[in-house]
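Right, one structure below, let's go through it.
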Amino acid sequence: MSISDKGALADETLSETAVESYLRAHPDFFERHLPLLEVMRVPHPCGDAVSLIERQIGLLRERNRGLERKLMDLVQVARENERLSQRLHQLALGLMEADSLDAVLATTQEQLRNEFRADAVVVRLCGDPQRGLHFTAPDDPAMRSFDKLFETRRPLCGRLSAVQFKALFPEDEGKSLHSAVAVPLLEGTRPLGVLGLGSRDGARFHPGMGTLFLDYLGEILSHAVGHRLAAG
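Here is the structure:
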């Protein structure tokens, strides 16, 4: 390379894009040129100027605070899941001790009201209404409104139709309950009925909520109900 070529390179002004690209490609650049950190200045959001290393420390602290908040959220979720697991365990034990269908339904209502913070708990079973107040004929329009629920086999949260809501909570008529969930009760592919949970809190049951524990709840209750129905 000639002296004139070197001079041309020395006079050439590097673009900011070129500098940025080089630093991104060589993230260890300042480790090999530590003295530069002492003279570099980076504008601070508050208007003052701080050294690059101070700015980096500040960014790391902000990131750590964000990670700590996320960690605390995860810990809170884990604790709530543990409490739900314990409640499901207690419910399962209670249902195992129930010696009749009426005892199964009474235990379910008591446990879910007290332990799961539900303001209303109902169980609508498919069957001859003459067998009891909990039974609804399978071809009844109220029960037919849950056909898709039985097909999907998944709980329905916060999006119950007016017909479904009235079928589960006929005495409420929207006066006090502002959110609800319907859980299908099944024995294999045969519909057994529907578990309905209602809350005065409009945000208690919503479409975006997790349904894992509701799935478990439906399986536990379906087994207990199916066993007692088979026993007569």
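Numbering (our numbering) for the sequence shown: 2 to 233. From the three backbone atoms N, C-alpha and C, an ideal C-beta is built for every residue, glycine too.
Thr137 carries a strand assignment under DSSP once its states are collapsed to helix, strand and coil. In the three-state DSSP reduction, Glu188 falls in the strand class (E or B).
DSSP places Arg229 in the uninterrupted alpha helix (DSSP H) bounded by 213-231. Per DSSP, reduced to three states, the secondary structure at Gly128 is coil, with no helix or strand assignment.
Counting C-beta atoms within 10 angstroms of its own C-beta, Phe30 has fewer than 16 neighbours from the protein chains shown and is therefore classed as exposed.
Residue pairing by DSSP places Gly194 opposite Leu126, Leu186 in a beta bridge. For Pro142, the enclosing alpha helix (DSSP H) stretches over residues 142-145.
Put simply, the backbone Cα of Asp202 is about 21 Å away from that of Thr109.
Straight-line spacing of the CA atoms in Leu60 and Pro36 works out to 21 Å. For Ser22, the enclosing alpha helix (DSSP H) stretches over residues 17-26. Counting only residues of its own chain and dropping the five nearest sequence neighbours on each side, Val123 has a CB closer than 7 Å to the CB of Leu169, Phe170, Gly197. Scanning Pro142, Ala225, Leu15 for the CA closest to the CA of Lys167 turns up Pro142. Partner residues in the beta bridge of Ala121, as assigned by DSSP, are Gly199.
For the pair of segments examined, the region 173-191 was found not to touch the region 94-113: the number of CB pairs separated by less than 8 Å stays below three.
The region 84-116 contains, as complete alpha helix (DSSP H) runs of 4+ residues, the segments 102-116 (chain order).
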